[in-house]
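As structure tokens, the structure follows; a few thoughts come after it.
Number of protein chains: 2
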Amino acid sequence: MRIVEKTSCETCDHKCDIFLTSKEMGLEQELHPRQVVYKKYESICRQNTAVTHAIILCEGNAKMYIEGINGKNIILNILMPSNYIGLLAVFGTPNYSYNVSALTLCHTCHIDIETIKKLYYHNHNFLIQLNQAFGSSVSAIMKKLISLNQKQLRGKVAESLIYLSQLYGSNTFSLTITRKELGELSAISEENAVRVLTEFKNEGIIGLNGKVIELLDLEVLHKIYTIG
Amino acid sequence: MRIVEKTSCETCDHKCDIFLTSKEMGLEQELHPRQVVYKKYESICRQNTAVTHAIILCEGNAKMYIEGINGKNIILNILMPSNYIGLLAVFGTPNYSYNVSALTLCHTCHIDIETIKKLYYHNHNFLIQLNQAFGSSVSAIMKKLISLNQKQLRGKVAESLIYLSQLYGSNTFSLTITRKELGELSAISEENAVRVLTEFKNEGIIGLNGKVIELLDLEVLHKIYTIG
DNA sequence: TAACAACATTGATCTGCAACAACTTTTTAA
DNA sequence: TTAAAAAGTTGTTGCAGATCAATGTTGTTA
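Here the protein sequences come in this chain order: Y and B. Take the first sequence: its position 167, counted from the start at 1, is 167 in the numbering used here, and no numbers get skipped. Take the second sequence: its position 142, counted from the start at 1, is 1142 in the numbering used here, and no numbers get skipped.
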């Protein structure tokens, strides 16, 4: 993990709300962002540790997950550039309630939590914006609750595939995660993740070539996703 | 459902943050709270409908739940007086992502959502307070995700029993919910909820007398809860 | 490029739980 | 006060999905 001090948030200044807001307020000199680079597999933040910084993902992919019983995790979502890592933790709870770790090389921007608080004390819209993102995360988690509890294998995998295609913005995408992680994203075992993938392939619903997945029959996939 | 117009929020003015904040700001005349009474079983708010009011539960018990596939619901928590109904929905999402319905006769206090927004535009602490409550709800839901997915019958029921005893603040409490609802709270079938209760009773872990449950061996119960 | 580790795949087995059925008890309302 | 409905209880059965095991494939590093 290399830490590079920067006077401005170079890699994310075009997308990142925190930077834009601070600029608008003439506070950008006070942000003191630090650019931190994480290697693949490295942990960006850990469940039950203190939230000391707001972290913005500038480049790369990361997974947000919660630790389950005897090493079985559930991946909540995959983070893309410009996502807040720590959004769900900025408020209220002093500790992270989840883990984030790097799926690829990740460039992140760290800003001290006290600076953020200063920002949202002075700027209502910023706080309200954070709130809205917060709110939609909550409803996403509730949907996940139902899926994990009441859908079966095929429905869960269909859901993950649709999620991933929307995330990558294409019906053809290369998985940045392993089959084991696809299982964790669907909250099923690795073996069953593989099994369902091959089923879908044999039924002509998806194309499968190693890490590259192509959604061929979106209609059927949506049906499987909806019915469960 | 009877609606009674009030010039002040009579039943909740001692506990309710919204009322206290508005008082402090000299805004209490503008709150226009309406006291609304719901009978047992009545729906207080419905999933996927617009959030038009902040609702505070002043008297009675209610259940917050999400609708699953073919009528199988999951109860997220039991609401007690002074709880915000709609806390999780106030921000961002224009629609409720869950249902709330009355378990007993419920007195609630409705305040127009625009009034609330006015309040938190003028009062940072109020917004930050809401945020904190919001944040702890999120970590509660995450814990629930793991439990529902990875624990088995006994662990889930143990969790519900501990939750209820903490809610009622006593090791002996009378269930306001049915066995079917205890099942929904634990995300298991009604039959298995009953079965595990009798098991626990036979093992001397709990005392069971109709609706009255007494937690006898908290240590063992916690162990079952932790291990799953 | 050999050797090992990580990842992927497939079949076989076992277990936990939902679903069904049949019954008793309690609650509700006519 | 009584009939009907709702809630609670118990045993049985079948199936979904985790786990185990064996093997194939790809990737990494000395």
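In this text, a Cβ means the ideal position worked out from N, Cα and C, and glycines have one as well.
- Residue burial is scored here from C-beta neighbours: residue 1219 of chain B has fewer than 16 other C-beta atoms within 10 angstroms and is therefore classed as exposed.
- Secondary structure of residue 1201 of chain B (DSSP, three-state): helix.
- Under the three-state reduction of DSSP output, residue 227 of chain Y falls in the helix class.
- Residue 42 of chain Y sits in coil when the DSSP states are folded into three classes, being neither helix nor strand.
- In summary, residue 1159 of chain B is buried, with 16 or more beta-carbon neighbours lying within 10 Å of its beta-carbon over all protein chains present.
- Going by beta carbons, residue 107 of chain Y and residue 184 of chain Y fall outside the 9 Å limit.
- Taking a C-beta cut-off of 8 Å against chain B, none of the residues of the segment 33-63 of chain Y qualify.
- For residue 183 of chain Y, the enclosing alpha helix (DSSP H) covers residues 179-186.
- A distance of 9 Å or more separates the beta carbons of residue 1043 of chain B and residue 142 of chain Y.
- The segment 1039-1054 of chain B makes no contact with the segment 1126-1134 of chain B: fewer than 3 CB pairs, one atom from each, lie closer than 8 Å.
- With the criterion set as a beta carbon lying under 9 Å from some beta carbon of chain Y, the members of the segment 1172-1191 of chain B are 1187, in sequence order.
- Put simply, the backbone Cα of residue 200 of chain Y is about 51 Å away from that of residue 1170 of chain B.
- The residues 1032 and 1053, in chain order, have a CB closer than 7 Å to that of residue 1112 of chain B in the same chain once the five nearest residues on each side in sequence are set aside.
- Under the three-state reduction of DSSP output, residue 1060 of chain B falls in the coil class, being neither helix nor strand.
- Cβ neighbours of residue 152 of chain Y within its own chain (closer than 7 Å, five residues either side excluded): 228.
- For residue 79 of chain Y, not one C-beta of chain B is nearer than 9 Å to its own C-beta.
- For residue 140 of chain Y, the uninterrupted alpha helix (DSSP H) segment begins and ends at 124-150.
- In the three-state reduction of the DSSP assignment, residue 1175 of chain B falls in the coil class, being assigned neither a helical nor a strand state.
- The Cβ atoms of residue 66 of chain Y and residue 84 of chain Y do not sit closer than 9 Å to each other.
- Note on geometry: alpha-carbon atoms of residue 1119 of chain B and residue 156 of chain Y lie some 42 Å from one another.
- Contact of residue 1202 of chain B with chain Y by beta-carbon distance below 7 Å is absent, the smallest such distance being about 26 Å.
- Less than 9 Å divides the Cβ of residue 1063 of chain B from the Cβ of residue 1100 of chain B.
- Remark: C-beta atoms of residue 187 of chain Y and residue 1095 of chain B do not approach each other more closely than 9 Å.
- Looking at the DSSP output, residue 77 of chain Y bridges to Y:64.
- Under the three-state reduction of DSSP output, residue 157 of chain Y falls in the helix class.
- With a cutoff of 9 Å on beta-carbon distance, residue 172 of chain Y and residue 214 of chain Y are scored as near each other.
- For the segment 1148-1161 of chain B, the residues whose beta carbon sits under 8 Å from a beta carbon of chain Y are, in order, 1148, 1149, 1150 and 1151.
- For the segment 1128-1142 of chain B, the set of residues with a beta-carbon nearer than 8 Å to any beta-carbon of chain Y comprises 1128, 1131, 1132, 1133, 1134, 1135, 1136, 1137, 1138, 1139, 1141 and 1142, in chain order.
- With respect to residue 144 of chain Y, residue 76 of chain Y sits close: the two C-beta atoms are nearer than 9 Å.
- Rounded to whole angstroms, the Cβ separation of residue 1030 of chain B and residue 1115 of chain B is 6 Å, and the two are in contact under 8 Å.
- Under the three-state reduction of DSSP, residue 1165 of chain B is assigned to helix.
- Residue-level contact by beta carbon holds for residue 97 of chain Y and chain B, with a gap shorter than 9 Å.
- Between residue 146 of chain Y and chain B, the shortest Cβ-Cβ separation is below 9 Å.
- For residue 1076 of chain B, at least one C-beta of chain Y is nearer than 9 Å to its own C-beta.
- Leaving aside the five residues that flank residue 216 of chain Y on each side, the residues in its chain whose CB is nearer than 7 Å to its CB run, in chain order, 204, 205, 206 and 207.
- For residue 225 of chain Y, no CB of chain B lies under 9 Å from its own CB, so it is not counted at the interface with that chain.
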